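Only one structure is covered here, and it is reproduced in the block below.
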Amino acid sequence: MPYRPKGLDNGLTDYGDRDFARYLRRSFAKSMGYAEKSLDKPIVGICYTESGFNNCHRHFPEMLEAVKRGITAEGALPVPFPVISLGEVFLSPTSLVYRNLMAMTVEEMIRAQPMDSVVLMGGCDKTVPALLMGAASAGKPAALVVAGPMMTGRHRGERLGACTDCRRFWADFRAGKVDGTEIAQVEGRLAVTAGTCAVMGTASTMALIAEALGMMLPGTAAIPAVHADRLRAAEETGETAARMAISGGPTPDSLITPESVENALRVLQAVSGSTNAVIHLAAIAGRMGIEIDPEHFNRLSDETPVLVDLKPVGAGYMEDFHAAGGLEGVLRGLKDRLQLGCGDVAGQTLGARLDKPLQDPIDTRVIRTVGDAISKNGGLIALHGSLAPQGAVLKRAAATPELLEHEGRAVVFSSLEDLSERIDDPDLDVAADDILVLQNAGPRSPSGMPEAGYLPIPRKLAQNGVKDMVRISDARMSGTAFGTIVLHVTPEADLGGPLALVRNGDRIRLSAAQKTVDLLVEPDELERRRAERTERPAPAERGYAKLYRDSVLPAYAGCDFDFLKG
Ligand code: FES
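Count the sequence shown with the numbering used here and you get residues 15 to 580, in order.
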């Protein structure tokens, strides 16, 4: 039997009398001024994430109108509904803690309310993974449209973009090279339009991953937030979602497959994307029962060249990437490495998409050809070893090449509080070739795996010109940051992993070539330390904080909740 959308009859409230439930629902819908004809149409929900605490989404009212236009034009009824929104810098302790809460609200509101398909509107870092996780579990046809990246600002003749330049200027301020007057000027010039961070940070990486998964219209991931094409993309997404409502598909389970996840991992490597995307993609794939194997991840990394020359690793900004050809340029470069049978929300395969003639030439200064790649290996690798028996991540493309093979003495900080108290102490016993270690900042820690893995260079070293050191933690790092930084060490210190046992003066060896990170301490000594270790007292918690601490999975499983995995 052909699929027929149910519209307002989707999931009738249970009073034990279906006809009464239908009559009551239509009556209350009519109180909003809908005419009979509108209430008989297929319904496209619009999962809407505008918030006064989310600067990246401040243009959503205009985009919402465009999405509605597209839905109406295809004969369906647009119905926006709110879910919580996550503005990256406005949340405490971290936005990651609330990603799962948002994903739960997305899943439940899509499932509970009467809609035949849904447009997901998001953009700021954690909103895109939360939307995709929730929609994947809800199972209804869903199409994502993102906020798009910010345009750059200007400062004394140079372009500035959040937030790689935020960190660069802050490091110069700490080193005494930028004064208080200039840093105050820079503060007002880093984020100058609506949209997501202007570099290849987490938001941009996740937008590209969503397009690579097929959950977004082709060519729409990188359009700047303030460009008219962004509104056209919103309108076309509305049209697409209306067609999905009428046809009943494609559903997320037919798009998020082992093959499309592999394509997304290839894209992640080729754009040298954010380390956070490893966590988010694992969580999205996990909703479909797909696990990301670290060996497969490293094999893809070794086979996938870095093609994109953008900050935080390279030179350009997202506006340059879009003008140069966007994801299309990357996919064309990777074509013979991709799984071409994967579909997208528009109903076409990746192979069919890439067989079409290019409308504009790719600007190979920004998106290189494979023959002229920035590096022949991908940007990120998974590490293992005695310090991280269940894995860690290193963005090798953002590292100082000389530090990729490094052995050094550990300088240990037991928590974020300890770090902030002592890192700038003039008496801190630290040298440039030491390794900074931060403990107790993993997913289960009270700080909720903050983006603190980019430990500041101790001030006295920064003032002497030290720009990078090997830094190791169970925390995350902003996608806009750079340096030789080992992240997501698992098991985390809070769970008594080897990271918890590191002491000042221990030797640690990092080898990017071997993909290892080892604590060079005898097993007997580690056992002795483990026996001496006292558990950190569990924080007194209730409500969501308790649910989070009791249920969060390790980084390799995407920090999803154990009861939400597919
Ligand atoms: Fe929203 Fe960076 S703060 S994407």
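Cβ coordinates follow ideal geometry from the N, Cα and C atoms, glycine included. Treat the numbers as computed from the prediction; the structure is a model and nothing was measured.
What residue from the options has the CA that sits closest to residue i's CA?
i	options	result
F95	R83, F67, M77, Q127	Q127
P375	R346, V192, H71, G510	R346
T210	L341, G385, P19, D139	D139
V380	A43, A248, M214, T207	M214
G467	I388, R170, G497	G497
R382	D28, V503, L348, A402	L348
L22	Q373, A221, A43	A43
P92	L513, N277, G252, S400	G252
I237	E342, T494, E317	E342
P505	T289, P371, L401, A291	L401
V81	P537, L245, R563, L561	L245
H398	V384, C356, H502, L324	H502
E317	P551, V97, P75, N277	N277
V384	W184, G330, C70, V322	V322
D532	E546, P512, G519, P551	P512
A489	Q528, Y570, P440	Y570
T216	A226, S286, V206, R181	S286
G393	D386, E435, S288, C61	S288
T265	N69, R188, G148, Q453	G148
R176	V281, G66, L324, L469	Going by the sequence as given, residue 176 is Ala instead of Arg. Cα-wise, what sits closest to A176 is L324.
T548	K560, P319, R563, L515	L515
A455	L295, S106, M463	M463
L222	R556, Q373, A291	A291
P457	L567, F34, L364	L567
G493	E546, P326, G479	P326
A476	G89, V320, A189, G510	A189
A208	R563, Q528, F74	F74
I449	V480, N391, P440, R203	V480
Check the C-beta distance from residue i over to residue j and give it rounded, since I have them as a contact under 8 Å.
i	j	result
A239	M135	A239 to M135, Cβ: 12 Å. No contact.
V344	A284	5 Å
S315	I395	5 Å
I486	V451	5 Å
I124	A161	About 20 Å; that fails the 8 Å criterion.
E465	M491	6 Å
A212	M77	That belief does not hold up - the Cβ atoms of A212 and M77 are roughly 18 Å apart, past 8 Å.
S459	D508	5 Å
A224	A235	7 Å
S525	E419	6 Å
A150	I293	Rounded, the Cβ-Cβ distance is 16 Å, inconsistent with contact.
G422	I522	6 Å
A205	N69	7 Å
G30	H71	Not a contact, Cβ separation roughly 41 Å.
In the DSSP assignment, find the beta strand (DSSP E) that holds residue i and state where it starts and stops.
i	result
Q404	402-409
T141	Premise fails: T141 lies in the alpha helix (DSSP H), 141-152, not in any beta strand (DSSP E).
A299	Where A299 is concerned, there is no enclosing beta strand (DSSP E), although the alpha helix (DSSP H) it sits in stretches over 290-301.
R523	521-525
Y48	Careful: Y48 lies outside any beta strand (DSSP E) and carries neither H nor E.
M135	131-136
P581	Since the first residue of the chain shown is 15 and the last is 580, residue 581 is not available in this structure.
V103	Per DSSP, V103 belongs to no beta strand (DSSP E) and is neither H nor E.
G361	Run containing G361: none; DSSP gives neither H nor E here.
Grab the span of the alpha helix (DSSP H) containing residue i for me, first residue to last.
i	result
R550	Premise fails: R550 is in no alpha helix (DSSP H) and is neither H nor E.
F368	Correcting the residue identity first, residue 368 is Leu in this sequence and not Phe. Looking at the DSSP string, the run of the alpha helix (DSSP H) that includes L368 is 364-369.
E79	74-87
Y562	557-565
T178	178-188
A259	242-261
D267	266-269
E419	No alpha helix (DSSP H) contains E419, which is instead part of the beta strand (DSSP E) from 419-427.
T504	Taken as a continuous stretch (DSSP letters only), T504 belongs to no alpha helix (DSSP H), as it is neither H nor E.
D33	32-44
S274	272-284
G347	340-348
R113	109-126
E416	That residue, E416, is in no alpha helix (DSSP H); it is neither H nor E in DSSP.
R313	308-317
Distance cutoff 8 Å, beta carbons only. Does residue i sit that close to anything in chain E?
i	result
R346	Of the protein chains in the structure, only one exists, and it is not chain E.
- Taking one C-beta from the stretch 558-574 and one from the stretch 291-310 each time, how about it: are there three or more such pairs within less than 8 Å? yes
- In chain order, which alpha helix (DSSP H) runs of at least 4 residues are fully inside the stretch 430-482? 430-436, 473-476
- Task: Would you be able to state if there are at least three C-beta pairs under 8 Å between the stretch 306-320 and the stretch 189-199?
- Result: no
- Task: Spell out a yes or no on whether the stretch 156-171 and the stretch 251-264 are touching, meaning 3 or more CB-CB pairs, one atom from each, closer than 8 Å.
- Result: yes
- Query: Just checking, does the stretch 423-443 make contact with the stretch 406-413 on the three C-beta pairs under 8 Å criterion?
  - Reply: no
- Is there contact between the stretch 114-134 and the stretch 51-71, where contact requires at least three CB pairs shorter than 8 Å? yes
- Task: Could you say if the stretch 140-148 and the stretch 111-123 meet the contact criterion of at least three C-beta pairs nearer than 8 Å?
- Result: yes
- Note down, one range per segment and in chain order, each alpha helix (DSSP H) of at least 4 residues found wholly within the stretch 190-225. 194-201
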